[in-house]
Amino acid sequence: MSLAEAASPRRAAAPARAAPLRLRAIAKAFGDKRVLRGLDLDVAAGQFVAIIGRSGCGKSTLLRLIAGLDAPDAGAIDFDGTAGVAPRVMFQEPRLLPWANVIANVEVGLGARRREAGARRRALDALAAVGLAERAADWPGALSGGQKQRVALARALVSRPRVLALDEPLGALDALTRIEMQSLLETAWRREGFTALLVTHDVAEAAALADRIVLLEDGAVALDLDVALPRPRLRGSPEFGRLEETILDRLLGPSRNA
Amino acid sequence: MADTATSLQRTMQTPRSALRLDLKRLLAPAVGWIAPLSLVVVWQASASLGRLPDSLLPSPLAVLAAGWRLTLSGDLPRNVEVSFLRAIAGLVVGGAIGFGFGLANGLSRVSDRLTDTILQMARNIPHLALIPLVIVWFGIDEAAKLFLVALGVFFPIYANTLHGVRSVDPQLVEMAKSYGMRPLELFSRVILPGALPSIFVGLRYALGIMWLTLIVAETIAAQSGVGYMAMQAREFLQLDVVVLAIAIYALLGKLADVVVRALERACLAWRPALHGD
């Protein structure tokens, strides 16, 4: 992926593929612990939203509800009338099938369309898009942590999802690999134009990728910040630093003042 | 640049390291045979030097001669065939039932509640303790041997299939479901491959129990088979035939192990641990 490619404007057709998201009064409890308490959130089609917050603030729970992995106790999640939205999930762990080679793992992402003509071609294209075309026949066990997550990204993207939910997918990677993955993710999002929901505990990551940063606290939205910085974003720029500082202040507020 | 240099280096190293690897691969299995062959050599030498009376333990050559004699008469091939078929039949029947129950109880809570307790209770009865009962039920018919072998191999296959299905990574199952895999596909692409390493462990245990059961059953209640051949020979003090029967059991056991290893290598090629094997 070259710089020129990353800087190219988003395709005009892309947002039409994305689906908007509307959450109303979402509540979820695990036993006595009320994780989400009446959360409302609207996400425009094609928007890249980062969801941040301290551990246990309910951000992963929220993502699992959006992805349909769990059901909310109360409230409604809908994709604003858009039919046939199957949100794809990228987990914190790659979750590749160790007994299937890399290309077969990508094909898992096609679901029932795996048997259609041209499925292999699409899987190979998705794999090439993450720069791993030459590893198609390898076992996942032979890949590094970052490469495994790239295969997981290809698997998530091969079905051209309209909503992609990312649950701290880069959390376990080393700093350099993480920055590489971030720009890979940004490129994919610009090319495909899906609605992206990224849960992360890394404020810099949220600032680098998101159109909008949502901070969760006590199971509800505590801060909703639009990020107007031009892309690709320069981590060293003063605006970037100020944005990061604002969010960190809000996150660490009480302890910083003390 | 760095990638090109590395791959170039790798290409240049290939012929030499490949040759060394080939030699290693050829010699590695041979190393395993050093101990048993030395034992045979020492055994034969002791017999030839008169240190080992034939009435106590016949020499390897005498055993080979007995083998040749019985091969010519047709007794040996016939008995080996009978024993082999009994072993396989018992393994298939008992293994299939154990596999079925293992899958059912691993996948279904209802099935597990209904059957696991009684199966675990039955497991604690040594199956060979049933021989008197089995003789009463089936006489010394083929059914008796089939029943005992099937019962013996059932438990290791059941327990390990159950364990394998239960220990499949729930994160993978969740991933597969979120990608819309249907139950049948979920089973064939995620659960079964995930349980397979454990199932193979069960199969290996089962093979050991299979031979053990068959030997005991054939020495006690049979009119053919390698075990019966050995018992007959003991009656006529043909120790060479007794030792021959023991050697044949050892070889059949080794053969089963080789077959399972090959199967494992084919089915579990993805496991890094097996690559160096």
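Chains A and B, in that order, give the protein sequences. Sequence positions in the first sequence follow my numbering and run -5 to 252. Sequence positions in the second sequence follow my numbering and run 245 to 521. The beta carbon of each residue, even a glycine, is placed where N, CA and C say it ideally should be.
Spatial neighbours of residue i in its chain, beta-carbon cut-off 8 Å, leaving aside the 5 residues before and after
i, result
"A/Gln86", "Asp161, Glu162, Pro163, Gly165 and Ala166"
"B/Val412", "Val434, Ile435, Gly438 and Ala439"
"A/Leu245", "Ile46, Gly47, Arg48, Val197 and Leu209"
"A/Gln305", "Coverage of chain A is limited to positions -5 through 252, which leaves residue 305 of chain A absent and any answer about it impossible."
"B/Trp287", "Leu296, Leu301, Ser303 and Pro304"
Neighbour list for residue i in chain B, Cβ cutoff strictly below 7 Å
i, result
"A/Leu63", "Glu418 and Ser422"
"A/Arg89", "Gln415, Leu416 and Met419"
Residue-level contact to chain A via CB, residue i, 8 Å cutoff
i, result
"B/Ser251", "Since pLDDT at B/Ser251 reaches only 44, below the 50 mark, its modelled position is unreliable, and no value is offered."
"B/Val434", "yes"
"B/Pro427", "no"
"B/Pro302", "no"
"B/Pro376", "no"
"B/Pro400", "no"
"B/Pro437", "yes"
Sequence-distant residues of the same chain with beta carbon closer than 7 Å to residue i, five excluded per side
i, result
"A/Ala216", "Leu209 and Leu210"
"B/Ile459", "Gly471 and Tyr493"
"B/Leu488", "Val307, Ala310 and Gly311"
"B/Gly446", "Pro400, Ile401, Ala403, Asn404 and Thr405"
"A/Arg149", "Asn99, Val100, Val102 and Gly103"
"B/Leu522", "A query on residue 522 of chain B cannot be resolved here, the shown segment of chain B reaching from 245 to 521 and no further."
"B/Ile464", "Ile375"
Contact with chain B by residue i, beta-carbon distance below 8 Å
i, result
"A/Trp183", "no"
"A/Ala80", "yes"
"A/Ala127", "no"
"A/Gly103", "yes"
"A/Phe85", "yes"
"A/Ala106", "yes"
"A/Pro92", "yes"
"A/Gly135", "yes"
"A/Val124", "no"
"A/Ser(-4)", "Residue confidence is low: A/Ser(-4) scores 41 on pLDDT, short of 50, so the model does not pin down where it sits. Its coordinate-derived value is still stated next. It does not: the Cβ of A/Ser(-4) has no partner Cβ on chain B nearer than 8 Å."
Beta-bridge partners of residue i, as assigned by DSSP
i, result
"A/Leu210", "A/Val215"
"B/Ile362", "In DSSP, B/Ile362 forms no bridge with anything."
"A/Thr189", "A/Val157"
"A/Asp72", "A/Arg16"
"A/Asp269", "Outside the displayed range of chain A (-5 to 252) lies residue 269 of chain A, so it cannot be described from this structure."
"B/Val380", "None, per the DSSP bridge assignment."
Own chain partners of residue i with C-beta closer than 6 Å, once the 5 adjacent residues on each side are dropped
i, result
"A/Gly69", "Arg18, Ala19, Ile20 and Ala21"
"B/Gly346", "Tyr402, Thr405 and Leu406"
"A/Leu57", "Ala159, Asp161 and Val193"
"A/Arg16", "Asp36, Asp72 and Asp74"
"B/Ser422", "none"
Within chain A, partners of residue i - CB distance below 7 Å
i, result
"B/Val470", "Residues of chain A passing the Cβ test: none, with the nearest at roughly 38 Å."
"B/Pro516", "Gly135"
Backbone secondary structure at residue i - three-state DSSP
i, result
"A/Val83", "strand"
"A/Pro9", "Reliability fails at A/Pro9, whose pLDDT of 47 lies under 50, so the model's placement of it is uncertain and the value that follows must be treated cautiously. A/Pro9 falls in the helix class under three-state DSSP."
"B/Arg509", "helix"
"A/Gly32", "strand"
"A/Ile45", "strand"
"A/Ala23", "strand"
"B/Val412", "coil"
"A/Val37", "strand"
"A/Trp133", "coil"
"A/Ala0", "For A/Ala0, the predicted structure reports a pLDDT of 41, less than 50, and the residue's modelled location is therefore unreliable. The matter cannot be settled from this model."
"A/Val100", "helix"
"A/Gln141", "helix"
"B/Met454", "helix"
"A/Ser231", "coil"
"A/Thr240", "helix"
"A/Gln176", "helix"
"A/Thr55", "helix"
"B/Tyr402", "helix"
"A/Ala127", "helix"
"B/Arg515", "coil"
"A/Leu246", "helix"
"B/Ile369", "coil"
"B/Trp277", "coil"
"B/Phe480", "coil"
"B/Gly346", "helix"
"B/Gln288", "helix"
"B/Arg254", "Note that B/Arg254 scores a pLDDT of 45, beneath 50, so its modelled location is shaky and nothing firm can be said."
"B/Tyr423", "coil"
Chain-ordered chain A contacts of residue i [CB-CB under 9 Å]
i, result
"B/Trp277", "In chain order: nothing, as chain A lies at least about 32 Å away."
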